[in-house]
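First comes the structure, then the notes that go with it.
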Amino acid sequence: MAAPLVCDALWAIIEPLIPPEPPKPKGGRPRLCDRAALTGILFVLRTGIPWELLPVEMGCGSGMTCWRRLHEWHRAGVWERLHRVLLDRLGYANAINWDRAAVDSASVPAKRGVRRPARTRRIAASRAPSATSSSMLTASRSP
1 MAAPLVCDAL WAIIEPLIPP EPPKPKGGRP RLCDRAALTG ILFVLRTGIP
51 WELLPVEMGC GSGMTCWRRL HEWHRAGVWE RLHRVLLDRL GYANAINWDR
101 AAVDSASVPA KRGVRRPART RRIAASRAPS ATSSSMLTAS RSP
């Protein structure tokens, strides 16, 4: 049997970050447990299969259920908090190789007040004939 995608140690880190189940005033079907949903999310993201092809045999619910949970947790900030917690743990363990770190504009915003480059000046007006306006006579149908 394959190793589980969400081991007990990882689940112990993630579980406190997940928001509680929202109340259902009208009742309804019992919610898929969060660990099973996380397993389905990780399986789809790791394998690259479409959400609708998530194997039912895995016990992760439907692909649509996992997709909804992924977005619900994204809106709740779960992934950002998890990223910080894991980076903190790696930092305390001195397990981050800062020589291989990269920073890009997606993670660091541009400084405010930075001068923008001047607009590029036109060199000369184009002398090419326009394709949209022409001095040619309009064509007419011959009988």
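Residue numbering for the sequence shown follows the UniProt record's numbering, starting at 1 and increasing by one per position. C-beta: ideal position from N, C-alpha, C; glycine also. It should be emphasised that the depicted structure is a prediction, and the values quoted were computed from it without experimental measurement.
Closer than 7 angstroms by C-beta to residue i: which residues in its own chain qualify, once you throw out the five before and the five after it? Chain order, please.
i, result
"E21", "R31"
"R81", "L17"
"G59", "A36"
"W11", "R35"
Does the separation of the CB atoms of residue i and residue j fall below 9 angstroms?
i, j, result
"P19", "V78", "yes"
"L44", "G63", "What sits at residue 44 in the sequence shown is Val, not Leu. In this structure, G63 lies closer than 9 angstroms to V44 by Cβ."
"E15", "D34", "yes"
"G27", "G40", "no"
"R122", "I13", "no"
Hey, could you find the ends of the alpha helix (DSSP H) residue i is sitting in?
i, result
"G63", "63-75"
"R81", "78-92"
"T120", "Careful: T120 lies outside any alpha helix (DSSP H) and carries neither H nor E."
"D104", "Segment: none, D104 is in no alpha helix (DSSP H) and carries neither H nor E."
"L42", "34-47"
"A95", "From DSSP, A95 is part of no alpha helix (DSSP H); its letter is neither H nor E."
"L5", "Looking at the DSSP string, L5 is not in any alpha helix (DSSP H), and its letter there is neither H nor E."
Cutting at 8 angstroms between CB atoms, please list the residues of its own chain near residue i, excluding the five before and the five after it.
i, result
"W51", "V44, G63, M64, C66, W67"
"M1", "Confidence in M1 is poor, its pLDDT being 48 and thus under 50, which makes the residue's placement too unreliable to answer from."
What is the C-beta distance between residue i and residue j, in whole angstroms, given that I count them as a contact (C-beta under 8 angstroms)?
i, j, result
"L53", "L5", "With a Cβ gap of about 16 angstroms, L53 and L5 do not count as contacting."
Leaving aside the five residues before and after residue i along the sequence, list all residues of the same chain whose C-beta is less than 6 angstroms from its C-beta, in chain order.
i, result
"P55", "none"
Requested in this report: Decide yes or no for the touch test of the region 93-101 against the region 66-76: beta carbon pairs closer than 8 angstroms, at least 3 of them.
Outcome: no
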